[in-house]
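Trainee:
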Amino acid sequence: MKSDIEIAQEAVMQPIKEIAASYGISEDDLELYGKYKAKLTDELWEKVKDKQDGKLVLVTAINPTPAGEGKTTTTVGLGEAFGRMGKNAIIALREPSLGPCFGIKGGAAGGGYAQVVPMEDLNLHFTGDFHAITSANNLLAALLDNHIQQGNALGIDPRQVLWKRCEDMNDRALRNIVIGLGAKADGMVREDHFVITVASEIMAILCLADNMEDLKERLGRIIVGYSFAGQPVTASDLHAVGAMAALLKDALKPNMIQTLEHTGVLVHGGPFANIAHGCNSVRATKTALKLADIVVTEAGFGADLGAEKFLDIKCRKAGLKPDAVVLVATVRALKYNGGVPKDQLGPENLEALKRGIVNLEKHIENIQKYDVPVVVTLNSFTTDTEAEYAYIKKFCEDMGCQFALSEVWAKGGEGGIALAEKVLETLEHRPGNFHVLYPDEMGLKDKIHTIATEIYGADGVSYTPAASKALKNIEDMGFGNLPVCMAKTQYSLSDDQTKLGRPTAFTINVRDAYVSAGAGFVVALTGSIMTMPGLPKKPAAENIDVDKNGKITGLF
Numbered sequence: 066m067k068s069d070i071e072i073a074q075e076a077v078m079q080p081i082k083e084i085a086a087s088y089g090i091s092e093d094d095l096e097l098y099g100k101y102k103a104k105l106t107d108e109l110w111e112k113v114k115d116k117q118d119g120k121l122v123l124v125t126a127i128n129p130t131p132a133g134e135g136k137t138t139t140t141v142g143l144g145e146a147f148g149r150m151g152k153n154a155i156i157a158l159r160e161p162s163l164g165p166c167f168g169i170k171g172g173a174a175g176g177g178y179a180q181v182v183p184m185e186d187l188n189l190h191f192t193g194d195f196h197a198i199t200s201a202n203n204l205l206a207a208l209l210d211n212h213i214q215q216g217n218a219l220g221i222d223p224r225q226v227l228w229k230r231c232e233d234m235n236d237r238a239l240r241n242i243v244i245g246l247g248a249k250a251d252g253m254v255r256e257d258h259f260v261i262t263v264a265s266e267i268m269a270i271l272c273l274a275d276n277m278e279d280l281k282e283r284l285g286r287i288i289v290g291y292s293f294a295g296q297p298v299t300a301s302d303l304h305a306v307g308a309m310a311a312l313l314k315d316a317l318k319p320n321m322i323q324t325l326e327h328t329g330v331l332v333h334g335g336p337f338a339n340i341a342h343g344c345n346s347v348r349a350t351k352t353a354l355k356l357a358d359i360v361v362t363e364a365g366f367g368a369d370l371g372a373e374k375f376l377d378i379k380c381r382k383a384g385l386k387p388d389a390v391v392l393v394a395t396v397r398a399l400k401y402n403g404g405v406p407k408d409q410l411g412p413e414n415l416e417a418l419k420r421g422i423v424n425l426e427k428h429i430e431n432i433q434k435y436d437v438p439v440v441v442t443l444n445s446f447t448t449d450t451e452a453e454y455a456y457i458k459k460f461c462e463d464m465g466c467q468f469a470l471s472e473v474w475a476k477g478g479e480g481g482i483a484l485a486e487k488v489l490e491t492l493e494h495r496p497g498n499f500h501v502l503y504p505d506e507m508g509l510k511d512k513i514h515t516i517a518t519e520i521y522g523a524d525g526v527s528y529t530p531a532a533s534k535a536l537k538n539i540e541d542m543g544f545g546n547l548p549v550c551m552a553k554t555q556y557s558l559s560d561d562q563t564k565l566g567r568p569t570a571f572t573i574n575v576r577d578a579y580v581s582a583g584a585g586f587v588v589a590l591t592g593s594i595m596t597m598p599g600l601p602k603k604p605a606a607e608n609i610d611v612d613k614n615g616k617i618t619g620l621f
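Start counting at 1 in the sequence shown, then tack on 65, and there's your number in the working numbering.
1. Could you give the residue range of the beta strand (DSSP E) that holds N444?
2. Residues in the same chain with beta-carbon distance under 6 Å from Y101, minus the five sequence neighbours each way, listed in chain order, please.
3. Using alpha carbons as the reference points, say which of K434, D449, M464, T450 lies closest to V441.
4. Thinking C-alpha only, which one of P319, K355, N345 is nearest G119?
5. Beta-carbon within less than 7 Å of K427's beta-carbon, same chain only, minus the 5 sequence neighbours each way: which residues are those?
6. Comparing alpha-carbon positions, which option in E479, I261, D511 lies nearest R149?
7. Starting from the Cα of K487, find the closest Cα among V390, G525, T591, I84 and give me that residue.
8. What are the partner residues of T572, as DSSP defines its beta bridges?
9. Identify every run of the alpha helix (DSSP H) within the region 157-183, keeping only runs that are complete inside it and at least 4 residues long; order them along the chain.
10. Could you pull out every residue in the same chain whose Cβ sits closer than 8 Å to the Cβ of R420, ignoring the five residues on either side in sequence?
11. Using three-state DSSP, classify P504 as helix, strand or coil.
12. Since L255 sits in a beta bridge, which residues does DSSP pair it with?
13. Just to confirm the assignment, what range does the alpha helix (DSSP H) spanning A452 have?
14. Could you say which of D577, K476, T450 lies nearest to A535 if we only look at CA atoms?
15. I'd like the list of long-range same chain contacts for G545, defined as Cβ closer than 6 Å, with 5 residues on each side in sequence excluded.
16. Return the CA-CA distance between I429 and L410, expressed in angstroms with no decimal places.
17. With a threshold of 8 Å, are at least 3 pairs of Cβ atoms found where one atom belongs to the region 244-257 and the other to the region 183-198?
18. Roughly how many angstroms separate the alpha carbons of T352 and L418, rounded to a whole number?
19. So, at 7 Å on beta carbons, what are the nonlocal neighbours of F622 in its own chain, with the 5 sequence-adjacent residues on each side left out?
20. Return yes when the Cβ of A300 is within less than 7 Å of the Cβ of G290, no when it is not.
21. Rounded to the nearest angstrom, what separates H342 and V526 at their Cα positions?
22. Note down the Cα distance separating M268 from T262, rounded to an integer number of angstroms.
23. Taking contact to mean at least 3 C-beta pairs separated by less than 8 Å, is the region 579-599 in contact with the region 237-246?
24. Grab me the residues of G164's own chain with a C-beta within less than 7 Å of its C-beta, minus the 5 sequence neighbours each way, in chain order.
25. Using 8 Å as the threshold, is the region 450-465 in touch with the region 140-154, meaning 3 or more CB pairs across them?
26. Which residues does DSSP list as the beta-bridge partners of N320?
What follows is the structure, encoded as structure tokens:
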């Protein structure tokens with residue numbers, strides 16, 4: 066089998082003008098970034114905004130394992146399958162971060178014959194959105210420190226500065242730093258921190274903003290720190306909003322590229338799924354719904370993080386209603402959840418499968434709590450057996466789910482037709498009645514308790530004194546009606562990444578909380594969540610190169 070980048074580089078792409086035309090988009094409504102990438106203009110939205118929405122299909126997964134699940138690959142392959150069936154479908158994805166590309170995870174363009182192209186462009190600089198977000202984030206940081214240096218008229222307490230600098234790279238040495246060293250003119254000495262760009266609140270804001278006016282209002286609400294009097298200080302107080310918005314003007318526009326089989330893809334934004342909401346932009350999703358009859362989108366990590374936040378934060382805030390959810394798993398990942406070591410996942414093991422399938426069971430139950438129909442799909446591997454498939458199929462159907470095998474990695478759209486047929490059947494004959502998990506007016510601790518017990522299966526929630534104080538302060542500031550964004554490990558339903566399967570008899574431990582006032586959610590921190598990842602012992606960057614003809618190798 067060829068590598069992902071070899072398959073992508075052999076692809077014959079169509080000019081993006083032709084892809085766009087197939088969705089009724091004229092060249093005047095594109096801002097071209099070469100032949101194969103484009104941004105969609107603001108004028109396009111005005112032309113399509115009154116069209117009827119298509120059907121919205123969310124792709125999510127069980128908790129990620131080292132065995133791999135293939136959520137993005139499934140999303141891309143499903144979109145390609147609809148195209149092969151003559152359906153008017155479009156895909157909406159997040160943009161990948163440079164950190165994972167050069168670290169351990171690799172890119173985020175799908176895999177095998179279910180990929181988005183141009184793959185190298187998407188995984189590297191793309192259209193510059195992440196650079197714009199990084200610049201806006203760091204402009205706010207610079208204005209904040211300059212304000213303190215130039216007399217500090219707002220009385221900002223340097224010990225209570227919340228705003229962190231960012232860069233789109235894994236660099237552990239920047240997690241905790243000291244700034245302002247040197248002469249008096251070099252600024253006030255204080256501890257500071259970096260986060261990766263996808264963890265910046267500006268990324269979350271960009272992905273939830275409807276338009277420039279909404280973006281500016283959200284930017285203005287960002288709390289950068291507190292004054293000596295204990296009052297919140299915002300980006301608006303620092304007069305930073307206009308300049309930040311100017312940097313984000315083009316980044317606010319969705320990007321359009323294509324799959325290997327020429328299905329259109331809107332790729333826009335990429336917030337973390339454990340400390341933010343893990344979904345592509347509202348603008349891209351809403352535009353996609355006006356352009357096609359079926360929109361296939363995804364949410365980050367497992368359904369306990371990505372899908373819950375898609376449903377309880379993105380859909381709540383944007384007025385979206387998913388029509389079906391595709392839940393991705395693999396036989397190998399289920400056996401891993403059943404206690405089989407990574408290097409022993411090949412042989413048939415029905416007993417391990419029965420132990421591990423409880424993880425899938427819980428995720429199915431969770432999606433059903435939202436009254437949205439579920440289609441379970443398995444990414445097939447050559448080591449899978451018919452007995453394993455039969456067991457999982459019966460298990461899912463007994464839970465009221467549709468079931469299909471997916472072979473999109475090896476066969477592209479053709480390998481996704483069985484799944485596409487099940488999704489179409491679900492859309493046509495199994496209407497849902499989507500609702501969020503909890504109401505806005507519920508208290509923050511009650512919201513956290515609801516997510517912890519209903520979605521994770523916890524017995525309850527414990528709070529450190531710092532967390533309780535923070536949540537009370539957030540409610541006292543008037544943010545108690547916001548949804549909660551749980552910052553939790555992606556590897557387990559619990560807050561302990563070593564607890565696989567379907568853990569029981571555990572408590573979720575909330576150690577702190579803060580409000581992302583611009584994004585519009587309250588973050589509850591559990592466990593140790595890394596907002597500035599580090600590189601592994603052998604980074605993927607060591608294998609990436611470019612030859613004399615400009616051909617990139619080693620990117621995956």
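Idealized CB from N, CA, C, for every residue including glycine.
Mentor: Inspection of the coordinates gives the following:
1. Boundaries of the beta strand (DSSP E) harbouring N444: 439-444, taken from the DSSP string.
2. M78, I81, P183
3. M464
4. K355
5. G522, L558, R567
6. E479
7. V390
8. In the DSSP assignment, T572 is bridged to G525.
9. 163-167
10. N402, G403, G404, G566
11. coil
12. What sits at residue 255 in the sequence shown is Arg, not Leu. BP columns for R255 point to I244.
13. 451-463
14. D577
15. L509
16. 23 Å
17. No, the region 244-257 is not in contact with the region 183-198.
18. The straight-line gap from Cα to Cα measures roughly 41 Å.
19. Summary: the structure shown does not reach residue 622, with the chain confined to residues 66 through 621, and so no result is reported for it.
20. Contact flag unset, no.
21. 21 Å
22. 7 Å
23. yes
24. D233, M234, N235, I261, P598
25. The answer is no - the region 140-154 does not touch the region 450-465, with fewer than three Cβ pairs under 8 Å.
26. K104, V332
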